[in-house]
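Here's the structure we're looking at; comments come further down.
So, in structure tokens, the structure goes:
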């Protein structure tokens, strides 16, 4: 991870100084509720007060945030574009107040980490190893799907995440942890389980199950199509236990990243490397570029976590 020179905070445009957190919350709440009455109830304010808050935000920003009719409220394109920024500001403010309370009461500094399920065990191991070297820090770990992790990083719910889904955002910094290859998993007595390495083409004539969505599905589907193959239409799964259940029955072989194999280390399954092509996903630690300004303790912790995770994940991916 490249060291960064602390940046000076960029001054907010003058008009944004006139918007309070409560008014921002009114915007976000109405965008989610799509009803003035429901949003007012959620905020415990009157509808006229809510309407005044929305008008103030619209005036300060110079855009219309909602289209209002007698029966419904629809967010405008401008409002939809501004919504994630407002959510991030509110989450960052909430986290900052929590951190301030922790400091004021001499409690530990909270660091919010999100991770893919396939890396939770490795992240937990890393947290245990670096715990003694990071006094005064309280890591909070949550799992989640790739899209939810990326959203949480952008809106401030997480200080950092471990993820493999591509992120094309100059405001996000990433550190490569490991390249995790796709492998085949089969029941131990399946004919293909007798090999240590196979070409993708060797799977021809065999029912194949994998996760159809997300980055894993895209990688697996691409490699299968490259070899004139496809996954079986008989099986559609989104959960790891479901994939293993089908493989355990002997009805199909599975395609999954090697890191998932760490969760099933008994003799019931055999994991076989695949080549021609070797397909890998890039597992990274990601955080906002301004983390060093927003949460200095978290920025320092990210460096330590990345270093420990590289070692742990390299061993897991090679297993």
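Numbering (our numbering), first residue to last: 70 to 388. Note that CB positions come from ideal geometry on N, CA and C, so glycine has one too.
Neighbourhood of residue i by C-beta, 8 Å cutoff - its chain only, sequence neighbours within 5 removed
i	result
residue 209	179, 180, 181, 182
residue 195	374, 377, 378, 381
residue 280	286, 289, 306, 307, 312, 325
residue 212	183, 184, 185, 186, 189
residue 275	261, 321, 322
residue 162	90
residue 282	307
residue 116	105, 106, 109
Neighbourhood of residue i by C-beta distance below 7 Å, restricted to the same chain and skipping five residues each side
i	result
residue 264	341
residue 98	108, 111, 112
residue 219	232, 234, 236
residue 114	none
residue 333	313
residue 223	153, 157
residue 336	257
Own chain, CB closer than 6 Å to residue i, minus 5 neighbours either side, in chain order
i	result
residue 169	none
residue 319	256
residue 122	92, 95
residue 364	228
residue 198	377
residue 230	183, 218, 222, 355
Cβ-Cβ distance between residue i and residue j below 8 Å
i	j	result
residue 360	residue 228	yes
residue 109	residue 93	no
residue 331	residue 284	no
residue 247	residue 383	yes
residue 201	residue 144	no
residue 266	residue 296	no
residue 206	residue 338	no
residue 240	residue 165	no
residue 43	residue 158	Outside the displayed span of the chain (70 to 388) sits residue 43, for which this structure offers no information.
Residue i, buried or exposed, once every other Cβ within 10 Å from all chains shown has been counted against 16
i	result
residue 245	exposed
residue 348	buried
residue 136	exposed
residue 344	exposed
residue 156	buried
residue 372	exposed
residue 300	buried
residue 191	buried
residue 302	exposed
residue 73	Because the pLDDT of residue 73 is 40, which lies under 50, any placement of that residue in the model is unreliable, and the number read from its coordinates should be weighed accordingly. Looking at its Cβ environment, which holds fewer than 16 other Cβ atoms inside 10 Å, residue 73 is exposed.
residue 294	exposed
residue 138	exposed
residue 154	exposed
residue 346	exposed
residue 221	buried
residue 385	buried
residue 173	exposed
residue 292	buried
residue 150	exposed
residue 87	exposed
Inter-residue CB distance, residue i and residue j (contact presumed, cutoff 8 Å)
i	j	result
residue 160	residue 225	3 Å
residue 355	residue 242	7 Å
residue 298	residue 273	6 Å
residue 250	residue 327	5 Å
residue 129	residue 103	Between residue 103 and residue 129 the Cβ distance is about 22 Å, and since that is not below 8 Å, they are no contact.
residue 126	residue 96	5 Å
residue 315	residue 278	5 Å
Closer than 8 Å to chain C by CB, residue i
i	result
residue 258	The chain labelled as chain C is not found in the depicted structure, where only one protein chain is given.
Worksheet entry | Runs of alpha helix (DSSP H) lying entirely within the region 253-303, each at least 4 residues, in chain order | 283-295
Fill in: Residue ranges of each beta strand (DSSP E) within the region 90-170, 3 or longer
Every beta strand (DSSP E) of 3 residues or more that sits fully in the region 90-170 is shown, in chain order, as 135-137, 142-144.
Practice prompt. Tell me the start and end of each unbroken alpha helix (DSSP H) in the region 171-225 that is at least 4 residues and wholly inside, in chain order.
Written response: The region 171-225 is shown to contain whole alpha helix (DSSP H) runs of 4 or more residues at 189-199, 215-224, in chain order.
Worksheet item: Enumerated in chain order, which unbroken segments of the beta strand (DSSP E) with a length of 3 residues or greater are wholly contained in the region 323-362?
Response: 338-344, 349-357
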